[in-house]
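**Q** Quick one: the structure is below, questions incoming.
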Amino acid sequence: MKHRYLPTTDQDRKEMLETIGVDSVQDLFEDIPEAIRFKGELKVEKQLFESELIRYMSKLSSQNANTLENASFLGAGVYDHAIPSVVDHVIRRSEFYTAYTPYQPEISQGELQAIFEFQTMISELTGMEVANSSMYDGPTALAEAGLLSAGQTKKKKIIVSKTVHPEARAVIDTYARGQRLSVVEVDSSNGVTDLEKLKQEIDENTACVMVQYPNFFGQLEPLPDIEKLVHEQKAMFVVSSNPLALGRLTPPGEMGADIVVGDCQPFGIPAQFGGPHCGYFAVTKKLMRKVPGRLIGQTTDDNGQRGFVLTLQAREQHIRRDKATSNICSNQALNALASSVAMTALGKKGVRKMAEQNIKKAHYAKALLEEAGVETVFNGVYFNEFVIKVNGPIKELNRKLLTKGIIGGYDLGRDYPELNNHMLVAVTENRTKAEIDMFVEEVGGAK
Amino acid sequence: MSKDQALIFELSEPERISYSLPELDVPDIDLDEWLPEEFNRKTEPELPEVSELQLMRHYTALSKRNHGVDSGFYPLGSCTMKYNPKINEDVARYPGFAFVHPLQEEETVQGALEMMYNLQENLVAVTGMDEVTLQPAAGAHGEWTGLMMIRAYHEANGDFNRTKVIVPDSAHGTNPASATVAGFEAVTVKSNEKGLVDLEDLKRVVDQDTAALMLTNPNTLGLFEEQITEMATIIHDAGGKLYYDGANMNAIMGAARPGDMGFDVVHLNLHKTFTGPHGGGGPGSGPVGVKSDLIPYLPKPVLVKENDAYRFDYDCPQSIGRVKPYYGNFGINVRAYTYIRTMGPEGLKQVSENAVLNANYMMRRLQDAFVLPYEQHCKHEFVISGKKQKKLGVRTLDMAKRLLDFGYHPPTIYFPINVEECMMIEPTETESKETLDEFCDVLLQIAKEAEDNPEIVQEAPHTTVIGRLDETTAARKPILRYQKS
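First to last, the sequence lines map onto chains A and B. Counting in the working numbering, the first sequence runs from 1 upward without gaps. Counting in the working numbering, the second sequence runs from 1001 upward without gaps.
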């Protein structure tokens, strides 16, 4: 039986084989030595018809608790935000999603312009001069920032605050090992980087200092103080930032950051069990030619008409090969488009309002929990996350919450032994007052 | 179509919105007071302000200025621009796949884990490897992951002096770049007159420093490395490992498996062979498969199945660690799994057979008008050279631009770097004979134009929304963002 993705008919095949001058398709595989030819049938699961497949995949999907039907208070780097309907309508246009990297600018102006607009939006939010066209995700972007810093400063030591996302720190470790760089983690104090300990660590071998803003606990790191310590030693200042937070918070670019990275998932990208999301990478003009990944630039054609092209490609692997600034090739273009559409839909006022609602709702939830007698730890300023302490394992509390239609927060004991029985609670604009009240009631009752 | 498309920022007018957030339903606080001065943002980010219809018109206009596989033939060599099934897009958006948080308790995501586990098993079967990780985000990320594992393997054996990774001169640029990022030095091995790795040169470059040989098979010329078992022996005898770049897997599914050829590590590009769409440049997915002796070094966590339940195992002391947060590009993996189930084992085999048939047919139709550098049958793609036309003053770049006038995306050009003025053509199995014929007819016409009327080719494209762009100025005086004038 013919398959719907395979148009070649028997008659086609016959004519094509004649042109090629062979008797059978098997003749075209004669160059594969007999000894390594695969015989028999691949042990791949059997074919399903579309109707069967829809039923099977729906069944698998229904076995997962989702954040549309449950109220999620889980964040820790991935957030449940409003996604305007227009986002999916745009990224489902097949001219975008069935294209590849815009190597031929004359027939790729749509993609190129959309990403040029994305670069502009990221520059605006971060307060940086240059942003690239995307990275795999926030953590790999942060790791690449470490490699860039080491290359730029010719120094081998990367300092990372323990208030940076634990999985990001794990990714940094792997990348650093590749380049034989050392990674030193700095403790926190009251939920933010311990400045005294940081100061002791920064020395003349330090390539960069990495902090997260808002940090993994939701707290705002004192960037101006850290910046002074970092630049006094001529190291580079790398900040990982939730771009939504920058709709309301002073951007790292205005506080002396050399590299700002993060993940655009809060803008228009569903959680998707952890990926694909969309890393961004923004730098000062000085570092423009050291950036990993693709950059889109504006130029003109022979009639003087404005157009867009991939530019500064001499940095990249397909030109520079082993001397490239990074090995990244495919990036997250479609998700960069999704984030651009979300930022456009929300608009200048909407992004600010959304960021503000996150702070205000988190503030409401935190105060209500405290009123209910739940212990909150760390007393600094926060964005949309904060930490509570409960009596008993978080896993059990979350199990109970799920029976009420609530996905509970992150179990910090998984990464910080000293924070056993501590939950990182995320409250986005998507959480209604009623949901927050119910969460507080359940957690308060269990404290 | 209008020649210029305004930037979204140029369409912006204060107060317009295309999404309405609900009003705050909790007691308000004054953030100017609540936020300490240093965190209270003063400069407003200049984001666009447009209505919902303006937004849709803008992005629809942009989409019309873009060529995708659904728009027309896209024979971009080494990229496998095959049809992207629509059911994949639907399934990836099911609530239990799209709206699931990666840090939810494992018992609440068993369906997602089952899908991942099944996909891994299927990829094991296609590649002939012993275990697969889905963590890497794309092909290059998979390359680096695989090389890091090879390094960990050597180091665990007390072998710290294997500093070199051998790559053929025809290799994709990510190969040497990934070797560098993984802390190795890339060493080039030459191709012979048949377009295959020169065994004598390989013997010359292999030594006790060799950590691995990276190879695509079929290679980037679309040719099967017939002496692969001899090469495997050379590398293994020297204590090195053999790395398979799966960019060209679309050629050999069901016909040969890297695991049987002697490869120790394999990465796959699920956005190529397995139809996770290319997305305008990504996201992709780059799973890595390994033979048993490399299993201990897989990135963590590792997905395991016990008594019909799935969980992540974090207790992997020899693991290279994490290469990505969470568990990879799950959304792309859902699409790839949906595709594999749509095809089944027989279907996947048919895919490769038709891909190879299509490429060979085109190659024979084009061989006389151009220079065919390698005579033998190709696999899923082939390379022709525009050397003849260059003598007439028409470069391969010109011919590529001329193809745009006929509604085609050109082939990959000037790659691989070991063939002068080359065009690398990969039709894929999802194209009909009619499409292949029409494209060949046009390319043959362009070859004729190069003789009769070279200007029309040299000045192409003539029908696109924009002419050839000044890339030199773009690089010399970079404008990388919009600035309000």
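For each residue, glycine too, the CB sits at the ideal point set by N, CA and C.
Using only the alpha-carbon positions, how far apart do residue 366(A) and residue 347(A) sit?
**A** Translated into positions along the first sequence, residue 366(A) becomes position 366. Translated into positions along the first sequence, residue 347(A) becomes position 347. One C-alpha to the other measures close to 28 Å.
**Q** Decide if residue 135(A) is buried, meaning its Cβ has at least 16 other Cβ atoms within 10 Å, or exposed.
**A** Translated into the one-based positions of the first sequence, residue 135(A) becomes position 135. Buried is the call here.
**Q** Below 9 Å on C-beta distance, what does residue 266(A) contact in chain B?
**A** Numbered from its first residue, the first sequence carries residue 266(A) at position 266. Chain B residues near residue 266(A): none, gap ~13 Å exceeds 9 Å.
**Q** State the start and end residues of the unbroken alpha helix (DSSP H) segment that holds residue 224(A).
**A** Within the first sequence, residue 224(A) is the residue found at index 224, counting from 1. It spans 223 to 232 - the alpha helix (DSSP H) in which residue 224(A) sits, taken as one unbroken run.
**Q** Within the same chain, show all residues whose beta-carbon is closer than 6 Å to that of residue 1244(B), passing over the 5 residues directly before and after it, in chain order.
**A** What you label residue 1244(B) is simply residue 244 of the second sequence in a count that begins at 1. Contacts found: 1258, 1263 and 1266.
**Q** Taking the alpha-carbon of residue 240(A) as reference, which of 121(A), 61(A), 407(A) and 220(A) has the nearest alpha-carbon?
**A** For this step, residue 240(A) is matched to residue 240 along the first sequence. For residue 240(A), the nearest C-alpha among the options comes from 220(A).
**Q** Out of 201(A), 4(A) and 280(A), which one is the CA nearest neighbour of residue 130(A)?
**A** Against the first sequence, residue 130(A) aligns to sequence position 130. That would be 280(A), whose Cα lies nearest to the Cα of residue 130(A).
**Q** Could you run through the region 1035 to 1047 of chain B and flag, in chain order, every residue whose CB is less than 8 Å away from some CB of chain A?
**A** Residues passing the 8 Å Cβ filter: 1035, 1036, 1038, 1039, 1040, 1041, 1042, 1043, 1044, 1045, 1046 and 1047.
**Q** Count the other CB atoms within 10 Å of the CB of residue 76(A); is the residue buried (16 or more) or exposed (fewer)?
**A** On the first sequence, residue 76(A) is found 76 positions in, with the first residue counted as 1. Its Cβ being crowded by 16 or more others within 10 Å, residue 76(A) is buried.
**Q** Using CA coordinates, which residue listed in 110(A), 222(A) and 258(A) is at the minimum distance from residue 452(A)?
**A** Outside the modelled stretch of chain A, which goes from 1 to 447, sits residue 452(A), for which no answer is possible.
**Q** When you compare the CB positions of residue 388(A) and residue 374(A), do they come within less than 8 Å of one another, or not?
**A** Counting from 1 along the first sequence, the entry for residue 388(A) is found at position 388. Counting from 1 along the first sequence, the entry for residue 374(A) is found at position 374. Result yes, Cβ atoms of residue 388(A) and residue 374(A) sit closer than 8 Å.
**Q** So who's on the other strand from residue 422(A), going by DSSP bridges?
**A** Position 422 of the first sequence holds residue 422(A). According to DSSP, which records beta bridges pairwise, residue 422(A) is partnered with 389(A).
**Q** Counting only runs of 3+ residues fully inside the region 1420 to 1458 of chain B, write out the beta strand (DSSP E) ranges in chain order.
**A** Here the runs fully enclosed are 1422 to 1425.
**Q** Checking the sheet assignment: what are the DSSP bridge partners for residue 1313(B)?
**A** In the second sequence, residue 1313(B) corresponds to position 313, counting from 1. According to DSSP, which records beta bridges pairwise, residue 1313(B) is partnered with 1302(B).
**Q** Check the Cβ of residue 1089(B) against every Cβ in chain A and list those closer than 8 Å, keeping chain order.
**A** Here the question's residue 1089(B) lines up with position 89 in the second sequence. Neighbours of residue 1089(B) on chain A, chain order: 92 and 97.
**Q** Give a yes or no on whether 8 Å exceeds the smallest Cβ distance from residue 136(A) to chain B.
**A** Here the question's residue 136(A) lines up with position 136 in the first sequence. Yes, contact with chain B.
**Q** Measuring only between beta-carbons, confirm whether residue 331(A) sits less than 8 Å from chain B.
**A** Position 331 of the first sequence, counted from the first residue, corresponds to residue 331(A). Yes, contact with chain B.
**Q** What number of angstroms, rounded off, separates the C-alpha of residue 196(A) from the C-alpha of residue 1337(B)?
**A** Start at 1 with the first residue of the first sequence, and residue 196(A) comes out as number 196. Start at 1 with the first residue of the second sequence, and residue 1337(B) comes out as number 337. Their backbone Cα atoms lie some 50 Å apart in a straight line.
**Q** How about residue 253(A) and residue 261(A): are their beta carbons less than 8 Å apart?
**A** For this step, residue 253(A) is matched to residue 253 along the first sequence. For this step, residue 261(A) is matched to residue 261 along the first sequence. Going by C-beta atoms, residue 253(A) is not nearer than 8 Å to residue 261(A).
**Q** I need the boundaries of the alpha helix (DSSP H) containing residue 11(A), first residue and last residue.
**A** Translated into positions along the first sequence, residue 11(A) becomes position 11. Start and end: 10 to 20.
**Q** Flag residue 1444(B) as yes if its beta-carbon sits less than 8 Å from any beta-carbon of chain A, otherwise no.
**A** Position 444 of the second sequence, counting from 1, holds the residue named residue 1444(B). So, not an interface residue.
**Q** What's the C-alpha gap between residue 38(A) and residue 1166(B)?
**A** In the first sequence, counting from the first residue as 1, residue 38(A) sits at position 38. In the second sequence, counting from the first residue as 1, residue 1166(B) sits at position 166. So the two alpha carbons sit approximately 27 Å from each other.
**Q** DSSP state of residue 1136(B), grouped into three classes?
**A** Here the question's residue 1136(B) lines up with position 136 in the second sequence. DSSP places residue 1136(B) in coil when its eight states are reduced to three.
**Q** Can you tell me which of the three DSSP states residue 1174(B) falls into?
**A** The residue given as residue 1174(B) occupies position 174 in the second sequence. In this structure, residue 1174(B) counts as helix in the three-state DSSP scheme.
**Q** Please go through the same chain and pick out, in chain order, the residues whose beta-carbon is closer than 6 Å to the beta-carbon of residue 1333(B), but skip the five residues on each side of it.
**A** Position 333 of the second sequence, counted from the start, is the residue given in the question as residue 1333(B). So the list reads 1119, 1134 and 1285, once near-sequence residues are dropped.
**Q** Could you work out which residues of chain B lie near residue 357(A), taking near to mean beta carbons separated by less than 7 Å?
**A** By one-based count along the first sequence, residue 357(A) stands at place 357. Simply 1021 and 1024.
**Q** State the beta-bridge partners of residue 186(A) as determined by DSSP.
**A** If you number the first sequence from 1, residue 186(A) lands on position 186. BP columns for residue 186(A) point to 161(A).
**Q** Taking C-beta pairs closer than 7 Å, name the residues in chain A that residue 1247(B) reaches, listed in chain order.
**A** As a working note, residue 1247(B) is residue 247 in the second sequence. What residue 1247(B) touches in chain A: nothing, since even the nearest Cβ is about 10 Å away.
**Q** I'd like to know whether the C-beta atoms of residue 325(A) and residue 290(A) end up nearer to each other than 8 Å.
**A** Reading the first sequence from its first residue, position 325 is the one you call residue 325(A). Reading the first sequence from its first residue, position 290 is the one you call residue 290(A). Their beta carbons are under 8 Å apart, which means residue 325(A) touches residue 290(A) by this criterion.
**Q** Within 8 Å of any Cβ in chain B, is that where the Cβ of residue 100(A) sits?
**A** In the first sequence, residue 100(A) corresponds to position 100, counting from 1. With 8 Å as the cut-off, residue 100(A) counts as an interface residue toward chain B.
**Q** Quick one: grab the DSSP three-state call for residue 210(A).
**A** The sequence position of residue 210(A) within the first sequence is 210, counting from 1. Reduced to three states, the DSSP call for residue 210(A) is strand.
**Q** In chain order, what residues of the same chain lie with their CB nearer than 7 Å to the CB of residue 1001(B), ignoring the 5 residues before and after it?
**A** Within the second sequence, residue 1001(B) is the residue found at index 1, counting from 1. Confidence in residue 1001(B) is poor, its pLDDT being 48 and thus under 50, which makes the residue's placement too unreliable to answer from.
**Q** Identify each residue in the region 1318 to 1340 of chain B for which the Cβ-Cβ distance to at least one residue of chain A is less than 7 Å, and report them in chain order.
**A** Residues passing the 7 Å Cβ filter: 1320, 1321, 1322, 1323, 1324, 1325, 1326, 1327, 1328, 1329, 1330, 1331, 1332, 1338 and 1340.
**Q** DSSP on residue 135(A), reduced to helix/strand/coil?
**A** Reading the first sequence from its first residue, position 135 is the one you call residue 135(A). Correct three-state label for residue 135(A): strand.
**Q** Is there a C-beta anywhere in chain A that falls below 8 Å from the one on residue 1017(B)?
**A** Position 17 of the second sequence, counted from the first residue, corresponds to residue 1017(B). Output row for residue 1017(B): interface = yes.
**Q** Would you call the region 1044 to 1058 of chain B and the region 150 to 160 of chain A touching, i.e. three or more CB-CB distances under 8 Å?
**A** Counting Cβ pairs under 8 Å, fewer than three are found: no touch.
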